[in-house]
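*Asks:*
Chains as they are written, first to last, in the numbering used here: chain A, 2 to 268; chain B, 2 to 268.
(1) One question on the structure: do residue 135 of chain B and residue 143 of chain B come within less than 7 Å of each other, judged by their Cβ atoms?
(2) Keeping to the same chain, check which residues put their C-beta closer than 8 Å to that of residue 254 of chain A; ignore five residues upstream and five downstream.
(3) May I ask you to list, following chain order, the residues of the segment 118-138 of chain A that have a beta carbon less than 8 Å from some beta carbon of chain B?
(4) To be precise: take each residue of the segment 29-57 of chain B, compare its Cβ to all Cβ atoms of chain A, and keep it if any distance is under 9 Å. Which residues remain?
(5) According to DSSP, is residue 51 of chain A part of a helix, a strand, or is it coil?
(6) Which of the three DSSP states is assigned to residue 170 of chain B in this structure?
(7) Would you verify that the beta carbon of residue 186 of chain B is, or is not, closer than 7 Å to some beta carbon of chain A?
(8) Check whether chain A comes within 7 Å of residue 163 of chain B, counting only Cβ atoms and requiring the distance to be less than that.
(9) Using the Cα positions of residue 109 of chain B and residue 217 of chain B, report the straight-line distance between them to the nearest angstrom.
(10) Count the other CB atoms within 10 Å of the CB of residue 219 of chain B; is the residue buried (16 or more) or exposed (fewer)?
(11) Compare the Cα-Cα distances from residue 167 of chain A to each of B:166, B:87, B:258, B:130 and report the closest residue.
(12) Between the Cα of residue 160 of chain A and those of A:147, A:188, A:104, spot the shortest distance and give me the residue it belongs to.
(13) Taking the runs of the alpha helix (DSSP H) that are 4 residues or longer, which of them lie wholly in the segment 102-127 of chain B?
(14) Is the separation between the beta-carbon of residue 83 of chain B and that of residue 60 of chain B shorter than 7 Å?
(15) In three-state DSSP terms, what is residue 31 of chain A?
(16) Please report the Cβ distance between residue 62 of chain A and residue 205 of chain A, rounded to the nearest whole angstrom; I am assuming they are in contact, meaning their Cβ atoms lie under 8 Å.
(17) Look up residue 43 of chain B in the DSSP assignment and say whether it is helix, strand or coil.
(18) Taking the beta strand (DSSP E) that residue 82 of chain B falls in, what are its first and last residues?
(19) Please classify residue 16 of chain A: does DSSP put it in a helix, a strand, or coil?
(20) Give a yes or no on whether the C-beta atoms belonging to residue 121 of chain A and residue 170 of chain A are separated by under 7 Å.
(21) Assuming residue 173 of chain A contacts residue 85 of chain A (C-beta within less than 8 Å), just tell me the rounded distance between them.
(22) Once the 5 residues before and after residue 156 of chain B are set aside, which same chain residues still bring their CB inside 6 Å of it?
(23) Strictly by DSSP, which residues pair up with residue 72 of chain B?
(24) For residue 101 of chain B, decide whether its Cβ has a neighbour in chain A, counting only Cβ atoms nearer than 7 Å.
(25) Grab the span of the alpha helix (DSSP H) containing residue 6 of chain A for me, first residue to last.
(26) What is the C-beta distance between residue 158 of chain B and residue 141 of chain B, in whole angstroms, given that I count them as a contact (C-beta under 8 Å)?
(27) What residues from chain A crowd round residue 248 of chain B, counting only those whose CB sits closer than 7 Å?
(28) Any residues in the segment 83-109 of chain B with a beta carbon nearer than 7 Å to a beta carbon of chain A? Which ones, in chain order?
(29) With burial defined as no fewer than 16 other Cβ atoms inside 10 Å of the residue's Cβ, what is the status of residue 268 of chain B: buried or exposed?
(30) Where residue 233 of chain A and residue 5 of chain A are concerned, what is the direct C-alpha to C-alpha distance, given to the nearest angstrom?
(31) Give me the residue from B:13, B:127, B:3 with the minimum Cα distance to residue 231 of chain B.
(32) Thinking C-alpha only, which one of A:252, A:29, A:221 is nearest residue 16 of chain A?
(33) Quick one: using the 10 Å Cβ neighbour count with 16 as the cut-off for buried, is residue 20 of chain B buried or exposed?
(34) By DSSP's criteria, residue 96 of chain B is part of a beta bridge. Which residues make up the other side?
(35) Near residue 31 of chain A, what residues of its chain come up, given a Cβ to Cβ distance below 6 Å and the 5 sequence neighbours on each side ignored?
(36) Of all the CB atoms in chain A, is at least one closer than 7 Å to the CB of residue 257 of chain B?
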């Protein structure tokens, strides 16, 4: 993988779009999230409104469930949402023709076809002409209550364990952690049901959530992500499918969509 | 899942065998590992020898690679192995007829068939009549160098991320964490290549590793694991395949072998 990245061309990469990059600032560092407006445009717009109105500042990590998710938002459910919408339509699926798609050849347990849509792991079903993002490690979703239109982006979660693919098509995925994942995944697990923290002092405070475009240039995390529609990424898929080094004796000859990291590097 | 456990019969469970249960004692608590002698008998015997000769006591967690593994052992590679063997044959596969197997109906990306062998997630290939344990979250394996017979159980790892199924059939899996997983998964990630810690003070010290049978009865973790060849477990698989609650709107109708937790409870 390092060799493929080293041999890649500048055109194999694209910089994060500052308008669709979120900085979740924790006392321990910055978590950088690439948003997915092609898949959840209204959620992304609402999250940006919330961020710009400082909704998340001073809230906290409220839940860390081992092998599942880290969740942040307003544990008390009392903070006003400002001008952000209270509920959003279910942005769980999009027309497949509306998004790029680089299919994986390998079979998947959950979906008829999996692959990559832009910089995100995704799936699609040719029978219904729909595509959706999939719950791999590091993907960020928006919590909702029982009604499909009850989410609004004020409660977000990131996957920190085995891909909970049963959530696919049931909830809006809004992006992916591209840097600082370890700041979330190494948090102490919550002692309450579903990994919720039970005491205020257990919750790590969110210092701020900002849109990269709103941050002075010199303070931005200048990152670029490998394009998934390139020969370099195709080589990376093949390298993950069959590890060619002296340690592996039985190459898998298969790969799960969630076992292919989409490389990120400093610009 | 809670309802299925509540409705289960005593015969749906079996207590951990004290002779094949390992207690990894960290300053933060006890990690309980169920060993898998049916799959890696020589590795399990060697690990027990190492534990009984106090090999692991005073060693440390040396590597925590995000979304991959936590590894512990002798970072300096200098501690004598005592009467334990220096190398072991590759216990990566067993004859399928030698182990129980409850197959899953769902397709798997990596193996012709997946399911459960005793209390462990497993796979098998009818074409070659072999079975093997699979690298799900919480599974414990024995590190090796490039030669397949270079491992000896003195370096152990636990999976803390998306199932690295490419390791299947390439390395000996020796057991599974059944309690205390969060003590491993929430450790700070190592800053070095492959997640190795780079300074001594970053490494959490191992207070001791003991076989449960060697610990006074009153100090044992009295745990039992749900049998996977029971109707209760079949119901649990179905419950994981199609979540029947008011939140899920599109049941997956499929499930990955690594998305089915094998329940553990206090006896």
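Beta carbons are placed, not taken as given, at the ideal position from N, Cα and C, and that holds for glycine.
None of the values given here were measured: they were computed from a predicted structure.
*Replies:* On the basis of the data shown:
(1) no
(2) 242, 243
(3) 137, 138
(4) none
(5) helix
(6) coil
(7) yes
(8) yes
(9) 43 Å
(10) exposed
(11) B:258
(12) A:188
(13) none
(14) no
(15) strand
(16) 4 Å
(17) helix
(18) Taken as a continuous stretch (DSSP letters only), residue 82 of chain B belongs to no beta strand (DSSP E), as it is neither H nor E.
(19) strand
(20) no
(21) With 8 Å as the limit, residue 173 of chain A and residue 85 of chain A do not qualify as a contact, their Cβ atoms being about 15 Å apart.
(22) 74, 144
(23) B:64, B:158
(24) no
(25) 3-8
(26) 7 Å
(27) 147
(28) 107, 108, 109
(29) exposed
(30) 7 Å
(31) B:13
(32) A:221
(33) exposed
(34) B:131
(35) 24, 181
(36) yes
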